[in-house]
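Residue numbers (my numbering), protein chains in the order written: chain W, -8 to 467; chain X, 618 to 1554.
Ideal placement from N, C-alpha and C gives every residue a C-beta, glycine not left out.
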Amino acid sequence: MYKELFRKPVNRRGLLRGAAYGFGLFGLSDLLGDKTAFAATAQNPMAPRAPHFTPRAKRVIFLFMHGGPSSIDIFDPKPRLYRDHGKPLPFKRPLAFDDEHPAGPLMKPLWDFHPGGESGIPVSDLFPHLRDVVDELCIIRSMVGEGVDHGAALLQTFTGTSTFTRPSMGSWTIYGLGSENENLPGFITIKPTLSHGGAKNWSSAFLPGIYQGTAIGHAGLEIETLRAEPIEYLIQKELTGEQQRYELEMLENINRRHAAMRRYDPELEARIQSFELAARMQVEAPEAFNVESESQATKKLYGLDDPVTADFAWQCLLARRLAERDVRYIQCTHSYKWDQHTNLFSLHSQNALEVDRPIAGLIRDLKSRDLLKDTLVIWAGEFGRTPVSEGGDGRDHNPYGYTIWMAGGGVKAGFVYGATDDIGYHAVEDRMHIHDFHATVLHLLGMDHEKLTHRFSGRDFRLTDVAGVVAEKILA
Amino acid sequence: MAPNPSLALLFGLLSPLLPAQEVDRELFEKSIRPILVERCVACHNPAVLEGGLDLTSAEGFAKGATTGPLLHPEAPERSRLLAAISYEERVKMPPDGRLEPEALDALRAWVEMGAPWPNNAGPVAVSAPSNATPAFTEEQRSYWAFQPIGDPTPPAVAGSSASAIDRFLLAKLEAEGLEPAPPAGKLTLLRRVTYDLTGLPPTEDEIRNFVSDDSPSAFEAVVERLLASPRYGERWGRHWLDVARYADSTGNDEDHRYPHAWRYRDYVIRAFNEDLPYDRFVQEQVAGDLLPAEDGGEVNVRGIVATGFLALGPKALAQQDKKRMLYDVYDEQLDVVSKAFFGLTVTCARCHDHKFDPIPTRDYYSMVSIFARTQSFADATTHVAKLLSRPLVPESTYEIYRRAQNRILHKKADIQQVVDQALARRNEQLLPETEAYMLAAERVYGGSEDTDADADAEAVANSLGLEPDLLESWVAYLTPRDIPRPHMLAWREASPGARSEQARAYGEQDRARVAVWNVSIEERWSEILSLRPEMEEPPPRRPEVLEGTDRFFYDVHFHEDGPMAVSEEAYEDVFSAETFTRLRSLGEQLEALEKAAPPTPPMATAVAEGEPVLQKVFLRGDYRSLGEDAPVGFVSILGDDHPPPDPSGSGRLELAQWLTDPEHPLTARVMVNRVWQWHFGEGLVRTPSNFGKMGEAPSHPDLLDFLARRFVESGWSVKDLHRRILRSSAYRMSSDITPEAYARDPENRFLSHFSRRRLAVEELRDGLLAIDGSLDLSMGGTLDDGVGTDLENSNERLSLDPLTIHRRLVYLPLRRANLPTLLGLFDFGDAVNSVAKRASTNVPPQALFMMNSDFVAERAGNLAASLLEETDGDVAQRIDRAYLTILNRYATAEEIESGGDYLEQFVHDGPGDLAVHDAWKSFCKILIASNEFIYVD
């Protein structure tokens, strides 16, 4: 095993002595030589597992717009808002984030809408690049959540509930399906936010710890910092390959001698194996993170060459590289940008500038590499924003009817699902509650959300609690 | 089916545009289910099945009653259901009174729609009958954990002088046909008990002393030494902190710091070190603030701090449904109290009677009412709720502090007032010229063709008699941006001819706004003056400027780059000498006040008595659906022969007394079981926080009772319990497993041998720091500055790094939302849920930590250096010492030989000294990474 990894043969007395303990010093390496053997390792909780039924998507890339982008200014045009601009809200305001300040009047969209692609689906001038690929998108205009503040909304978006600590959607995904790449974590979240639930949004809660998301830095870090060591402890900084191999072989030798003197403890063998898997990760994972090795054309496609778009371009391009390597669940986060209680025009413009080209680039790149067909791309904030103004030139949070979109992975392309009322406050048609959203994503991955359960504290838990209906209409 | 308009009107809460399926669901949940719950299912449920009818599910409803289906297939209006509820025919339902007209209408309308029962609706909850003590079955009453604690005699075991614990265990082993393992070797035992009691490895001296002590009491002496060590409280206090879900922040949405949480942590550590009787420990954590101070002091500092147990839970501070936020907090408090102290999952009964244990919903609300009558927030009504901190000094002392703070705030208001007046004068003088500045600025930044684009601000200002600096600011502000500002569009797009008119419009609007602002400032000032000279209250807040409502005004006057804004540094340049002198003297007065003010008194994150609440049962857990009264009470199946709580208090004091009654069937059992588990890896009951039906029955019920009874008799002494357990032969057995034992009892429930265990993250990390001599053993206090910083997405949101700070891990503050990755890596738990038992996993990322972390490399390097430094060149001795330090045993001859080979053949192309050091470092790293280090036999 270590021989394969670090290339040079070792034949020294100190190591050979270990063979006397009858375990065949490197016998395990053969067992771990290929993916089938990896799958067959009984104790490996990350071994790939069969889904409940044929999946439409094999993996997820979740593009999270932290703060709450304004749906009615981007994807959900409302003519009445132009007509009634300045008039009061025509009904009682639902539970709102900021009740201390009276709601302002209705405010018209600040950007013009134009139809895009052959489908002619309207997208506002905030996202011109995305409009060019709108024929790939399945736009869901009827999302409904319960959290009116960021923390509750993030936690519900990612774990189904804000009241309790529950496993995240990514954790449930790899708990259900395992991973097809033994050298990389199955659930990777790039530059996640540390606020509004922080790590709870990618935690495994009561699922075994191995199912928690692996964070690549956090939102506060520059990508330059992350390039050097994207995952903690993945890089050996002191030893040469040969030295490390020598060290690991001695360790295995000592561990086998120790195990030979202690019978009937499968833990000891499991830990020996964990070092072999770790060595494999160390050798193979850094290549996956080498975004620099991409062609100039690809870097340009994502906007890696422009300081305005470079951060999110790096995230999206890394996501594609990880998707190519069968990482099951990948999240990119644009944080914490989209919370415009005031100054909506300037700041939403700036935010959109940062992500529009990278996201459109990702869609095109996945498409051209034939990865889009089994990669489910999701774009979402934790909620949308109100049709009434706040602070004069901003909008408040609105979880009662907002837009997200999906692409690839078995959803209809160039399709619009659901609708909000005529001012864009409440979802009224084909409402998709966050539980329904979760049920649908799991369904696309080949899992029945009612069967994906884990027993904890005397009860079977689900991502969707006791709710969730699959949105059949969006399935391709 | 589309709802008809009258129906939409009837269910006024529903949005008229909801899709049919959602309408059905909302209608059912909002209007139908409550009727079923309140009026029907107490009799028409699967257990009682009155009239053969079950109304708790769609199936039951469809099946109907013994007399037939409820609905008429063709004519809904003639259905049996409507006939019964109409009270106009023979069968009148519900029998205890006709439904309210609204309920009748709702049911009628629903039946006319075809009685849609939505999919996944979930069963209709059956609540306990009104105002009746819940009747428990004999089976429920006789459940083992609810029985009084027995006083079993240890069974006689043939030819043995075994301890009482061993006699219970041996009897069971014998019955199972198993043999106990032989005693563990001395060094194995020393490593085991030292990690167990202190979380640290034995030192070389301790090893040598124990090996050379041949007296029969050698082990007892070690136990006494370890129990007396302050390290003991740090290790065992941490066990309790797991149960108490201790952390230093609120977690959930906002993750605000609990700035005084560390005092509770220190209290727990001290309680274990001082062997505070466990009953007192329980009482203080529930109601310490209500108990007199043991030292006779005016303030029960220890008691207030101890209530951190209730106060330090996760909280969703920004939850906007504030009542729900509060009841989620009470639920969390009840959850940790019930799991930690009496091992029942009471909170399962929040929405419905407990499904497995005899805990009715009413019991839940009776207990929740205790926390509803307790204060957990300083202010729960604000946008982001404010946490409660309690001063740990007498009220009079705190009052002096509070007044001093008010005086400081009033002095700051004085300063602000001088500044505001100076600004007002400046505005009066300069604002009439806004138009001139705007037009001049336009000439400089070159907004259109007819201006000279290269104009210099200073030259333009001089030519027009304007202030050059101010003009520069206007130029900077008015220069067009890439992303246009909506409020500046009119100016930007004005034609050359319309420009002066636009400038006037902007200027006039701004002057009008400034006039309004000046009035609000003066109004506040008179309000402040009305509070003088007493200064009982802090000054009212400054009027708020909503930046977006008049962005031009906000930007020009308040933005740091605004042309009319004046930064503190610029006061001297901009204001008159007289004003500046006045400001300076006020500043000196402020400084003097701050210097003279008493320091912030010590505070605790704690709870206090709250307002009385008349608690009712919330049907289905929804506070909008009220059921019967739920007066303060406890778990009724455990007996309600306790005096009713004083109605003026919260009931916490009575709860504390109820919990620590020596006859309480659970409190002592639950604690001795925890202590047993922390010694042996598994409890006698392997679900330590769930003694209910979904938990596991005890493997040795008599032993559990024996220990519980002795525990109470000893005055609830935890250290006494340790001694009893550690003196047993069971604790000193080898961890070797025989084939027979493995075949018969692979999980070792009968303790035929000692169970090997992996080190916990604290032992691993503290142990490694201890081994290379870099562990900082100072105790207590906080490592965080101030009382809270909360910068979004920044490092302020991270917990401190346990790999670079070398205090014991128990002293590092824990940010719930962002625990250090090391903790997640080695199964710490989440510090949100009460953890009864840590997990123990084996995953590749842990191996990577051993292989590649700077932390492990640094420990190995330090060890290598000290090995090379301290002995005189004998490789065998050095290898032996490495084994002794890291694995706490001597190396075998064979290990010395193979280690020597390893070191000799370590390939290195650097200079000799470095090669030797690196080889030793690698060797130490191997021992650290080895299974033998991380597993304790």
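By the rule that beta-carbons nearer than 7 Å mark a contact, residue 936 of chain X touches chain W. Within the segment 1217 to 1280 of chain X, the complete beta strand (DSSP E) segments of 3 residues or longer fall at 1220 to 1222, 1233 to 1235, 1243 to 1246, listed in chain order. Interface residue (Cβ-Cβ distance to chain X less than 7 Å): residue 340 of chain W is classified as such. DSSP places residue 115 of chain W within a strand segment (E or B) once states are collapsed to three. When C-beta distances to chain X are compared with 7 Å, the residues of the segment 323 to 355 of chain W below that value are 326, 327, 333, 334, 336, 337, 340, 341, in chain order. Annotation for residue 465 of chain W: 129, 402, 403, 408 place their beta carbon closer than 6 Å to its own, counting only its chain and skipping 5 residues before and after. Interface annotation for the segment 857 to 875 of chain X against chain W: 868, 869, 870, 871, 872, criterion Cβ-Cβ distance under 9 Å.
Using a Cβ-Cβ cut-off of 7 Å, residue 154 of chain W is close to 945 of chain X, given in chain order. Residue ranges of uninterrupted beta strand (DSSP E) with 3 or more members are absent from the segment 1061 to 1121 of chain X; none lies entirely inside it. Each residue's CA atom was taken as its position, placing residue 678 of chain X and residue 969 of chain X some 20 Å apart. Contact between residue 781 of chain X and residue 1306 of chain X is absent: CB atoms are separated by about 26 Å, not below the 8 Å threshold. The segment 995 to 1014 of chain X makes no contact with the segment 1112 to 1120 of chain X: fewer than 3 CB pairs, one atom from each, lie closer than 8 Å. Taking a Cβ-Cβ cut-off of 7 Å, the neighbours of residue 1166 of chain X in chain W comprise 382, 383, given in sequence order. Interface residue (Cβ-Cβ distance to chain X less than 7 Å): residue 290 of chain W is not classified as such.
Excluding the 5 residues flanking it on each side, residue 788 of chain X has same chain C-beta neighbours closer than 7 Å at 772, 774, in chain order.
Closest in alpha carbon position to residue 838 of chain X, among X:1499, X:823, X:1136, X:873, is X:823.
Taking 7 Å as the threshold, the shortest C-beta distance from residue 238 of chain W to chain X falls below it. Short of 7 Å from the beta carbon of residue 808 of chain X, and not among the five residues preceding or following it, lie these beta carbons of its own chain, in chain order: 818, 819, 1505, 1553. Counting along the chain, residue 162 of chain W sits inside the alpha helix (DSSP H) bounded by residues 160 to 168.
Taking a contact as a CB-CB distance under 8 Å, the pair residue 1223 of chain X and residue 922 of chain X counts as one, their CB atoms being some 7 Å apart. Going by DSSP, residue 1468 of chain X is part of the alpha helix (DSSP H) stretching over 1461 to 1469.
Neighbours of residue 246 of chain W in chain X, taken as residues whose beta carbon is under 9 Å from its own, are 1546, 1547, 1548, 1549 in chain order. In the structure shown, residue 451 of chain W falls within a strand segment according to DSSP collapsed to helix, strand and coil.
Under the three-state reduction of DSSP output, residue 381 of chain W falls in the strand class. Under DSSP, residue 1036 of chain X shares a beta bridge with no residue. In this structure, W:378 is the residue among W:378, W:68, W:186, W:444 with its C-alpha nearest to the C-alpha of residue 79 of chain W.
DSSP places residue 398 of chain W inside the beta strand (DSSP E), whose first and last residues are 393 to 399.
The continuous beta strand (DSSP E) containing residue 371 of chain W extends over residues 366 to 372. The Cβ of residue 1479 of chain X sits no closer than 7 Å to any Cβ of chain W. The C-beta of residue 262 of chain W comes closer than 7 Å to at least one C-beta of chain X. In this structure, residue 1449 of chain X lies near residue 1433 of chain X, with their beta-carbon atoms less than 7 Å apart.
In the DSSP assignment, residue 129 of chain W forms a beta bridge with W:397, W:406. With respect to chain X, the C-beta atom of residue 269 of chain W has a partner C-beta closer than 7 Å.
In the structure shown, residue 1339 of chain X falls within a helical segment according to DSSP collapsed to helix, strand and coil.
Not a single CB atom of chain X sits nearer than 7 Å to the CB of residue 403 of chain W. In the DSSP annotation of this structure, the continuous segment of the beta strand (DSSP E) that includes residue 994 of chain X starts and ends at 994 to 996.
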